[in-house]
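In the working numbering, the protein residues as written are 1 to 210.
For reference, the structure is listed below as structure tokens.
Given below as structure tokens:
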């Protein structure tokens, strides 16, 4: 083989190696980026609702905090209690990490205020194992909560029996800048491992920005 041909072959091999290294680097970078970030779905709308002590709570009270928010009603026979039970399991995981109520908070908003009085919600919290030190239960006028839900593109419909039908994707992960980063299915289909991983991703994101 001539010297020129050998030189040309070496350049060709080197080019292939460089392309392979670049491709691997790109895939690693893309994989890292996907696992280390969550897309912004939408801006989270503002609200002013009432807690169990009758105090007004607004979206601004959660600035700088990651919150997992559910829309529920206590008379719900299936999806809502299953969702709350799963959130209680997540609560326990975050308590072990020292994060529950410390950078990460849960919020549950009832859309059945006529039934879900503060006393009913307290009983629900006790029955389900809700730790109110990091989990805020909120209520407001039915039309207010329905309007808030509609801004998240959720549907809530009162049925003839007085109960409600609602979107099963009514569980939101919201960052400290009031942006919705994930929307999850509720009930038994909840993927707690994924939700916990997403919360950790947002915690890391906050640490990088601080």
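Note that beta-carbon positions come from the ideal geometry of N, C-alpha and C, so glycine has one too.
When the Cα atoms are used, what is the spatial distance from residue i to residue j?
i: residue 65; j: residue 105; result: 7 Å
i: residue 200; j: residue 143; result: 34 Å
i: residue 197; j: residue 55; result: 32 Å
i: residue 209; j: residue 163; result: 44 Å
i: residue 170; j: residue 186; result: 7 Å
i: residue 80; j: residue 107; result: 13 Å
i: residue 110; j: residue 204; result: 31 Å
i: residue 119; j: residue 127; result: 12 Å
i: residue 88; j: residue 167; result: 21 Å
i: residue 49; j: residue 98; result: 27 Å
i: residue 100; j: residue 131; result: 9 Å
i: residue 121; j: residue 57; result: 16 Å
i: residue 61; j: residue 96; result: 24 Å
i: residue 147; j: residue 102; result: 29 Å
i: residue 174; j: residue 37; result: 13 Å
When burial is assigned at 16 or more other CB atoms within 10 Å of the CB, is residue i buried or exposed?
i: residue 159; result: exposed
i: residue 193; result: exposed
i: residue 86; result: buried
i: residue 39; result: exposed
i: residue 113; result: buried
i: residue 133; result: exposed
i: residue 149; result: buried
i: residue 145; result: buried
i: residue 116; result: buried
i: residue 157; result: exposed
i: residue 70; result: buried
i: residue 35; result: Unreliable placement is indicated for residue 35, whose pLDDT of 46 sits below 50; no coordinate value is reported for it.
Sort the options by Cα distance to residue i and report the nearest one.
i: residue 178; options: 81, 46 and 201; result: 46
i: residue 182; options: 152, 113, 48 and 111; result: 152
i: residue 172; options: 195, 156 and 188; result: 195
i: residue 191; options: 83, 75 and 42; result: 83
i: residue 206; options: 63, 86 and 139; result: 63
i: residue 176; options: 121, 167, 202 and 148; result: 202
i: residue 161; options: 71, 154 and 75; result: 75
i: residue 43; options: 189, 180, 184 and 204; result: 180
i: residue 94; options: 118, 68, 77 and 73; result: 68
i: residue 72; options: 131, 174, 124 and 129; result: 124
i: residue 53; options: 167, 147 and 140; result: 140
i: residue 165; options: 77, 61 and 174; result: 77
i: residue 136; options: 91, 147 and 96; result: 91
i: residue 138; options: 184, 103 and 51; result: 51
So, at 6 Å on beta carbons, what are the nonlocal neighbours of residue i in its own chain, with the 5 sequence-adjacent residues on each side left out?
i: residue 33; result: Note that residue 33 scores a pLDDT of 39, beneath 50, so its modelled location is shaky; the value from the coordinates is reported in the next line. There are no such residues.
i: residue 22; result: Per-residue confidence for residue 22 stands at a pLDDT of 39, beneath the threshold of 50, marking its modelled position as unreliable; no derived number is given.
i: residue 25; result: Its pLDDT being 40, under 50, residue 25 is placed unreliably in this model, and the value from its coordinates should be taken loosely. So the list is empty, once near-sequence residues are dropped.
i: residue 184; result: 171
If I measure Cβ to Cβ from residue i and keep anything under 7 Å in the same chain, skipping five residues before and after, which residues do I get?
i: residue 59; result: 44, 46, 47 and 178
i: residue 188; result: 82
i: residue 154; result: 71, 166, 167 and 170
i: residue 129; result: 88
Can you list, in chain order, the residues of its chain whose CB lies under 8 Å from that of residue i, leaving out five sequence neighbours each side?
i: residue 41; result: 179, 180, 181, 182 and 183
Inside the segment 55-111 only - alpha helix (DSSP H) runs reaching at least 4 residues: Counting only runs of 4 or more, we get 79-96.
Entirely enclosed beta strand (DSSP E) segments - the segment 129-159, minimum 3 residues: Runs of the beta strand (DSSP E) inside the segment 129-159: 135-138 and 156-158.
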